[in-house]
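Q:
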Amino acid sequence: MGKAKAQLPKRKSDLTFFQKVKRSRVLLLMCLPAVIFFLAFSYAPMPGIWVAFVKYNYRDGIFGSQFIGLDNFKFLATSGKLFSLTKNTILYNLAFIILGNFLAVFVAILLNEMRSKWFKKVSQTIMFLPYFISQVLVGILVFNLLNYDTGFVNGILTSLGMERWEPYSDPSVWPPILIIVYLWQQTGYNSVVYFAAIMGIDGEMMEAAKVDGANGFQRIRYIILPSLKPTIVILLLFALGGIVKGNFGLFYNIVGTNPMLFGTTDIIETYVYRATINDFNFSTASAVGLYQSLIGFIIVMTVNFIVKKIEPDYSLF
Amino acid sequence: MKKKVLALLLSTTMIAGLVGCGGKSDAGTGTNDNAASNAPADNSSASSNASTDNASGTDASAIDTSEHVVITYMTTGETPTGTKERYDEMMTELNKILTEKCNAELQTYFISWTDYLSNYNLTLAQMDGTVDLVGTASDWLDAWPNSKNGAFLELTEDMLKTYAPQTWASVPAENWELCKYNGDIYLIPEDNYAQWTNHGFIYRLDWAKAAGLSDGVKSWEDLTTYFKYVKETYPDIIPWDSDGTQYAQMAGGWIASHSDYVPIDGINSAAMWGGTRDDLYTVYSPFVTDTDSLVEFAKMMKEWNDIGVWQTDVLNNTSSTNRDDYRVGKVAAEQHHTQTWTDLVSHTPANTIYADDPNAETGFFYFGQETGNVTALSITHGAMAVSAGSKNPERALMVYDLLRNDPECYKLFCYGLEGVSYEITDDGLRTTPASYNQDTDNINGTTNYWWGRNDDLEIKDASRDWDKIDALYSEYDKVKIEYPYGQFVADVDNIRSQISNINEINTNYMKQIAFGKYNGSAEDIVAEYQAALKAAGIDEVTAELQRQFDALYK
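Taken in sequence, the protein lines are chains A and L.
Numbering-wise, the numbering used here puts 297 at position 297 of the first sequence, and it's gapless, one number per residue.
Numbering-wise, the numbering used here puts 1171 at position 171 of the second sequence, and it's gapless, one number per residue.
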């Protein structure tokens, strides 16, 4: 009788904590590296946030230094630029997120539709390559393409008898340039996730659609895109968390410290870097980081809340 | 349900991590506190006690050097690659002497020039004994901010008397006064070394004469004439292939040449506050008051930009090799200080312009020449400090005392091995041996010992054109004033955010003004610049500095 009882699968809620752990031990073990990673690099340094509220002094350390409340945040507020910086940062990131994801989905579908395996691999590799180029090199590439005196573009323009183009004095051309550079670098990488998601779509559905006479576009419209929706939503949610964190490497290496272009290219990171590089102030820098994380946190919570209302399955948590 | 278990597990480990971490850091600060209170002088209230303790504990006869220690010296400069072999040989010799005299050996920690200030400060912030002796400077290496941050050890008189007696005796009391912050000595000044680091334009004197300037360039207007002439006569030459970082020196130079402004070092890199030669202790900022002069500056720089003095994309140009281009005749001017001119004016092998063109001559237009507005260098333009994280501060001071005052150590460390890296001529000058190769044998440019040079031991470089250099130095001596603000260490804690924002505004606008890269009229851009400075609180900063000045000088 005892034997029969043991064989009955117990309801999970009846299990004690240790039984649950035992039952899921393999899964838990698989989580372990990620858990350790986040503990070591995200949670362990967290008390360090305190540095944003003190007048940091090497000898007394983070927790021994004098507490000065919100004084370190004053610098951002008094710059009078907080609004325009936040705006630039958010608008660029919106463009990156929306165009980036759109293009990545598009490319993933194209890759999926390719019949020649050889061509598929080659084009995927070529698109992936820019991702590995250091931002510093990208900055130099762009400068050599666009600079006034010796740039490649101006070389072509003058040999065609046209006027020279002076992008490094014209702030209005930089948003498109930066977005193009970003897409060129990131699309190959981003499309991999979507491509994998497409690969995971049940083959039977595709077969059935084919048998029912759906053409390529219809299969994309009614099967692939709806199946990608959860992936898209989740990736968007993740990306939104970083919407006030600018891509310092991209902006700093391409725009550099040319003040003529700052109107359209200055983001929080580059501003803070320039303003604090001279006085080496850990506290101010941390204060800015905290400000960005807080806004990111609020945005993620809000968006997640909205998504949960509309479509609970797609929310992050 | 698995999700719940996971969540629970995650949160418990998280809490455990937080608690563990918090505990650890508490412990860390605890020991830090102890360390701080054990240090010779923790703060002003404790300093009297601590120093008396120290006095009783340290007696000249009782220096214990039984333990062999390694002292690390931090300097800006590149880790030797080409000169590594000679450097190692020199260090072996030097360490033999140091071991014999104070049972210590020296090694060097190089801070590479790329982002040197950040890396310098980061290394100091480690406070783990990575470095012992720290080369520093009040005007270009954050000596005072680091003293305030607790990165440097307070050097009590007894320590200095005991462990660096020769240095202590050679530096006059009034100079020690200039190395104090809150009553404690933090820096050992390089106060016995004649050098001038006031900036100006180095230019081709022969070309200036051909341009009709028979006496050479004497003013900014002459420079305009000179650049115009160069551009027309030598179309292949970029008159001055500047990078975008020169704006602050140019603006400061213009103001020096058009007023009696004497800037205070070390408040911000553009030195935007100061007094005048007649009225040194009334703080003002010429960047706000001298509107007409700035408008004129903006107009002239626009003219230079139109002439084509620099490349069109100068603001994005970060990799200029202008100085080396000057040596070989590819450019016609270099903006830098007098020390650099003493190199470029001399017929050294590297300066090939003189071999290529027997008529070539190099002149120097120094900022302030029109008005005779020249201020001598602060004695803490080069200084040595001891890291507060040093495990052997006493021995570090002993090593420094030898490097600065012992002829044998000094020559080894500054010039390298005699007969290999340098030779002494019959008239007592320093020259290079026949076998000398600049790329592999140059020790002087490897150790970068700029923190305790000593004219009593210096051997003049024979390759320098001393007639011209001495002539300029004596011209300076006629008009100069001593740096008046040596004792002033600004307390910027209350005005830090204003200064950060002012730095940013100044960089943005001054770059455009100083390279003539603005749209609209000169009047408009200057007005916009000054309005932005006012909005960022420049008047508050001036008032606060005045308050601190009054407290110190009145």
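All C-beta atoms, glycine included, are put in the ideal place defined by N, C-alpha and C.
Residues of chain L with CB closer than 8 Å to the CB of A:Gly-166, please, in chain order.
A: Numbered from 1 along the first sequence, position 166 holds the residue referred to as residue 166 of chain A. Note that residue 166 of chain A is Glu in the sequence shown here, rather than Gly. Those within 8 Å of A:Glu-166 in chain L are Thr-1312.
Q: When the Cα atoms are used, what is the spatial distance from A:Thr-257 to L:Asn-1316?
A: Counting from one through the first sequence, the residue named residue 257 of chain A turns up at place 257. Counting from one through the second sequence, the residue named residue 1316 of chain L turns up at place 316. So the two alpha carbons sit approximately 7 Å from each other.
Q: Compute the distance between the beta-carbons of L:Thr-1076 and L:Tyr-1116, then report whether it is under 7 Å.
A: On the second sequence, position 76 is the one that residue 1076 of chain L refers to. On the second sequence, position 116 is the one that residue 1116 of chain L refers to. Their beta carbons are under 7 Å apart, which means L:Thr-1076 touches L:Tyr-1116 by this criterion.
Q: On the three-pair Cβ rule with 8 Å, is the segment 244-253 of chain A touching the segment 282-300 of chain A?
A: Yes, the segment 244-253 of chain A touches the segment 282-300 of chain A.
Q: Using the rule of at least 16 other Cβ atoms within 10 Å of the residue's Cβ for burial, across every protein chain shown, is A:Ile-198 buried or exposed?
A: Taking the first residue of the first sequence as position 1, residue 198 of chain A is located at position 198. It counts as buried.
Q: Could one say the Cβ of L:Lys-1511 lies closer than 7 Å to chain A's Cβ atoms, at least one of them?
A: Residue mapping note: residue 1511 of chain L aligns to position 511 of the second sequence, counting from 1. Yes, because at least one Cβ of chain A sits closer than 7 Å to the Cβ of L:Lys-1511.
Q: Does any C-beta atom of chain A lie closer than 7 Å to the C-beta of L:Ser-1500?
A: By one-based count along the second sequence, residue 1500 of chain L stands at place 500. So yes, L:Ser-1500 belongs to the interface.
Q: Is it buried or exposed for L:Gly-1022, if we count other Cβ within 10 angstroms and need 16 for buried?
A: As a working note, residue 1022 of chain L is residue 22 in the second sequence. Confidence at L:Gly-1022 is low in this model, with a pLDDT of 38, below 50, so its placement is unreliable and the value that follows should be read with caution. Label assigned to L:Gly-1022: exposed.
Q: Which residues in the same chain have their Cβ closer than 7 Å to the Cβ of A:Gln-19, if we skip the five residues on either side of it in sequence?
A: Along the first sequence, read from residue 1 onward, the residue named residue 19 of chain A stands at position 19. Same-chain partners within the cutoff: there are none.
Q: Using three-state DSSP, classify L:Met-1127 as helix, strand or coil.
A: To locate residue 1127 of chain L, count along the second sequence from 1; it is residue 127. Three-state DSSP puts L:Met-1127 in coil, outside helix and strand.
Q: Do the segment 146-155 of chain A and the segment 68-78 of chain A make contact, defined as three or more Cβ pairs closer than 8 Å?
A: The answer is no - the segment 68-78 of chain A does not touch the segment 146-155 of chain A, with fewer than three Cβ pairs under 8 Å.
Q: Shorter than 7 Å from the beta carbon of L:Lys-1330 to some beta carbon of chain A?
A: Indexing the second sequence from 1 puts residue 1330 of chain L at position 330. Chain A contact via Cβ: absent.
Q: Report the CB separation of L:Thr-1167 from L:Asp-1401 in whole angstroms; it is logged as a contact under 8 Å.
A: Here residue 1167 of chain L corresponds to residue number 167 of the second sequence, with the count starting at 1. Here residue 1401 of chain L corresponds to residue number 401 of the second sequence, with the count starting at 1. Correct: roughly 5 Å between the Cβ atoms.
Q: Should L:Thr-1282 be labelled buried (16 or more other beta-carbon atoms within 10 Å of its own) or exposed?
A: Position 282 of the second sequence, counting from 1, holds the residue named residue 1282 of chain L. Under this definition L:Thr-1282 is an exposed residue.
Q: Between which two residues does the alpha helix (DSSP H) holding L:Glu-1504 run?
A: For the purposes of this step, residue 1504 of chain L is taken as the residue at position 504 of the second sequence. First-last of the alpha helix (DSSP H) with L:Glu-1504: 1496-1514.
Q: Counting only beta-carbon atoms, is L:Asn-1508 nearer than 7 Å to chain A?
A: Locating residue 1508 of chain L in the second sequence gives position 508, counting from the first residue. So, interface residue.
Q: Would you list, in chain order, the members of the segment 1134-1150 of chain L that have their beta-carbon closer than 9 Å to a beta-carbon of chain A?
A: Within the segment 1134-1150 of chain L, the qualifying residues are Asp-1142, Pro-1145, Asn-1146, Lys-1148, Asn-1149 and Gly-1150.
Q: Can you name, in chain order, every residue of its own chain whose Cβ lies under 7 Å from the Cβ of A:Ser-315, other than the five neighbours on each side?
A: Counted from its first residue, the first sequence places residue 315 of chain A at position 315. For A:Ser-315, where only same-chain residues beyond five positions count, the Cβ hits under 7 Å are Asn-304, Val-307 and Lys-308.
Q: Straight-line CA distance for L:Asn-1444 to L:Gly-1200?
A: Along the second sequence, one-based indexing puts residue 1444 of chain L at 444. Along the second sequence, one-based indexing puts residue 1200 of chain L at 200. Their Cα atoms are separated by approximately 25 Å.
Q: In three-state terms, what does DSSP make of A:Ile-68?
A: One-based indexing of the first sequence puts residue 68 of chain A at position 68. Coil, per DSSP.
Q: Is there contact here, the segment 1448-1461 of chain L with the segment 1408-1416 of chain L, by at least three beta-carbon pairs under 8 Å?
A: The segment 1448-1461 of chain L vs the segment 1408-1416 of chain L: in contact.
Q: What is the DSSP secondary structure of A:Tyr-291, counted as helix, strand or coil?
A: Here the question's residue 291 of chain A lines up with position 291 in the first sequence. Residue state, collapsed to three classes: helix.
Q: Establish whether the CB of L:Lys-1517 and some CB of chain A are separated by less than 7 Å.
A: In the second sequence, counting from the first residue as 1, residue 1517 of chain L sits at position 517. At least one chain A Cβ lies under 7 Å of L:Lys-1517.
Q: At 4 residues or longer, what runs of the alpha helix (DSSP H) sit wholly inside the segment 1077-1136 of chain L?
A: If we require 4 residues or more, the alpha helix (DSSP H) runs fully inside the segment 1077-1136 of chain L come out as 1084-1102 and 1116-1126.
Q: Under 7 Å between the Cβ atoms of A:Ile-260 and A:Ser-169?
A: On the first sequence, position 260 is the one that residue 260 of chain A refers to. On the first sequence, position 169 is the one that residue 169 of chain A refers to. As written in the sequence, residue 260 of chain A is Met, which differs from the Ile given in the question. Yes. Within cutoff.
Q: Taking 7 Å as the CB-CB cut-off, is L:Glu-1504 touching chain A?
A: Here residue 1504 of chain L corresponds to residue number 504 of the second sequence, with the count starting at 1. True, the Cβ-Cβ gap to chain A drops below 7 Å.
Q: In angstroms, rounded to a whole number, what distance separates the CA positions of L:Lys-1391 and L:Pro-1145?
A: Residue mapping note: residue 1391 of chain L aligns to position 391 of the second sequence, counting from 1. Residue mapping note: residue 1145 of chain L aligns to position 145 of the second sequence, counting from 1. If you take the alpha carbons of L:Lys-1391 and L:Pro-1145, they lie about 22 Å apart.
Q: Between the C-alpha atoms of L:Ala-1046 and A:Ala-52, what's the straight-line distance to the nearest angstrom?
A: Position 46 of the second sequence, counted from the first residue, corresponds to residue 1046 of chain L. Position 52 of the first sequence, counted from the first residue, corresponds to residue 52 of chain A. Confidence at L:Ala-1046 is low in this model, with a pLDDT of 38, below 50, so the placement of that residue should be treated as unreliable; the coordinate-derived value is given next. Whole-angstrom Cα-Cα distance: 28 Å.
Q: Flag this pair as yes or no: are the beta carbons of L:Asp-1210 and L:Gly-1216 separated by less than 7 Å?
A: Translated into positions along the second sequence, residue 1210 of chain L becomes position 210. Translated into positions along the second sequence, residue 1216 of chain L becomes position 216. In the sequence as displayed, the identity of residue 1210 of chain L is Ala instead of Asp. Going by C-beta atoms, L:Ala-1210 is not nearer than 7 Å to L:Gly-1216.
Q: So what's L:Arg-1404 in DSSP terms, helix, strand or just coil?
A: Start at 1 with the first residue of the second sequence, and residue 1404 of chain L comes out as number 404. Reduced to three states, the DSSP call for L:Arg-1404 is helix.
Q: I'd like to know whether the C-beta of A:Leu-316 is nearer than 7 Å to at least one C-beta of chain L.
A: Against the first sequence, residue 316 of chain A aligns to sequence position 316. No - not a single Cβ of chain L is within 7 Å of the one on A:Leu-316.
Q: Tell me whether the segment 174-193 of chain A and the segment 154-163 of chain A touch, counting them as touching only if at least three CB pairs, one residue from each stretch, are closer than 8 Å.
A: Contact fails: fewer than three Cβ-Cβ distances are below 8 Å.
Q: Following a CB-centred definition, is L:Asp-1206 positioned closer than 6 Å to any heavy atom of the ligand FAD?
A: Among the components modelled here there is no ligand, and therefore nothing to report on the ligand FAD.
Q: Mind checking who L:Glu-1418 pairs with in its DSSP beta bridge?
A: On the second sequence, residue 1418 of chain L is found 418 positions in, with the first residue counted as 1. Bridge partners of L:Glu-1418: L:Tyr-1422.
Q: So A:Thr-78 contacts chain L; which residues on that side make the cut at Cβ distance below 8 Å?
A: As a working mapping, residue 78 of chain A is identified with position 78 in the first sequence. The contacting residues are Ser-1497, Gln-1498, Asn-1501, Ala-1536 and Gly-1537.
Q: Name the two residues that bound the continuous beta strand (DSSP E) containing L:His-1199.
A: On the second sequence, residue 1199 of chain L is found 199 positions in, with the first residue counted as 1. Segment 1199-1204, the beta strand (DSSP E) holding L:His-1199.
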